[in-house]
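Each remark here refers to the structure printed beneath this line.
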Amino acid sequence: VQPAAGAEKPRDPGKGTKANGEPLSEGEQRQVQKLKETDAKVRAHEQAHAIVGGPYASAPSYEYTTGPDGKRYATAGEVQIDVSPEDDPEATIRKMDVVIRAALAPADPSPQDLQVARQAQTQRAQARVELTRQREAERTQANEALPGAGGGTGSAPRLLRAAAASAAYAREGSPAPGPGHIQSIA
Numbered sequence: 001v002q003p004a005a006g007a008e009k010p011r012d013p014g015k016g017t018k019a020n021g022e023p024l025s026e027g028e029q030r031q032v033q034k035l036k037e038t039d040a041k042v043r044a045h046e047q048a049h050a051i052v053g054g055p056y057a058s059a060p061s062y063e064y065t066t067g068p069d070g071k072r073y074a075t076a077g078e079v080q081i082d083v084s085p086e087d088d089p090e091a092t093i094r095k096m097d098v099v100i101r102a103a104l105a106p107a108d109p110s111p112q113d114l115q116v117a118r119q120a121q122t123q124r125a126q127a128r129v130e131l132t133r134q135r136e137a138e139r140t141q142a143n144e145a146l147p148g149a150g151g152g153t154g155s156a157p158r159l160l161r162a163a164a165a166s167a168a169y170a171r172e173g174s175p176a177p178g179p180g181h182i183q184s185i186a
């Protein structure tokens, strides 16, 4: 069976053609194959950052190379990741955990990816120090607010000792001493 006059010859699906319809040479076919592989790797790499980075990551942007077949192939890309600290240390720690995972998400992190991860680790460490300081300050304030703990009237420890003495007398069946009586409690 012959194709009808004027009909196109079927193309070999394994061989590409140039934009003008000419067949690609073997070298051009290898170049297209390499561009396809690079495109797939670049897109997977940048998608990994974007997906794991969630709200802290931008959509991927790509640089393209036009192959001998006239098609554009992604040959480089980037995702912007927000590494700025949040308003409170706990939120910063949570955010930097996500940023670190996003930076290291691709199977083959680039030197830039590793740099972003290190930067986020530094931010996270600083936030942990700040959180520790805040918690220590809160504990100190809480202790100072207690009566007899440095900033109060001092009557709380005496009241606690008196309550303990009354409880001890009650356990022994002795009446608690009245005012003016001094007794030692062993």
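Following the working numbering, the numbering of the sequence shown begins with 1 at its first residue and continues without gaps. Where is the CB? At the ideal position from N, CA and C, for every residue including glycine.
The segment 117 to 125 and the segment 85 to 98 touch, with no fewer than 3 CB-CB distances between them shorter than 8 Å. Taking the CA atoms as reference points, G21 sits about 15 Å from V32. When secondary structure is reduced to three states using DSSP, G21 falls in the coil class, being assigned neither helix nor strand.
In the displayed model, A107 falls within coil according to three-state DSSP, outside both helix and strand.
In the same chain as G70, and ignoring 5 residues on each side of it, the C-beta atoms closer than 6 Å to its own belong to A19, in chain order.
Beyond the five residues adjoining it in sequence on each side, E130 comes within less than 7 Å, by CB distance, of P89 in the same chain, given in chain order. Take V83, set aside five residues on each side of it, and the residues of its chain with a beta-carbon closer than 7 Å to its own are V99, V116, Q119, A120 and Q123, in chain order. Collapsing the DSSP output to three states places A57 in a strand. Comparing alpha carbon positions, the residue from R139, S110 and Q47 closest to A57 is Q47.
Assigned with DSSP and collapsed to three states, G77 falls in strand.
Listed in chain order, the non-local C-beta contacts of V52 below 6 Å within the same chain comprise R101, A102 and A105, local neighbours out to five positions each way being set aside.
Around the CB of D113, 16 or more other CB atoms lie within 10 Å, so the residue is classed as buried.
According to DSSP, E63 shares a beta bridge with A76. In this structure, the straight-line span from the alpha carbon of T66 to that of K36 is close to 11 Å. Within its own chain, no residue has a Cβ closer than 7 Å to the Cβ of A91 once the five positions on either side in sequence are excluded.
Distances from the alpha-carbon of E78 to those of P55, P85 and A50 put A50 closest. A distance of 8 Å or more separates the beta carbons of A44 and Y62.
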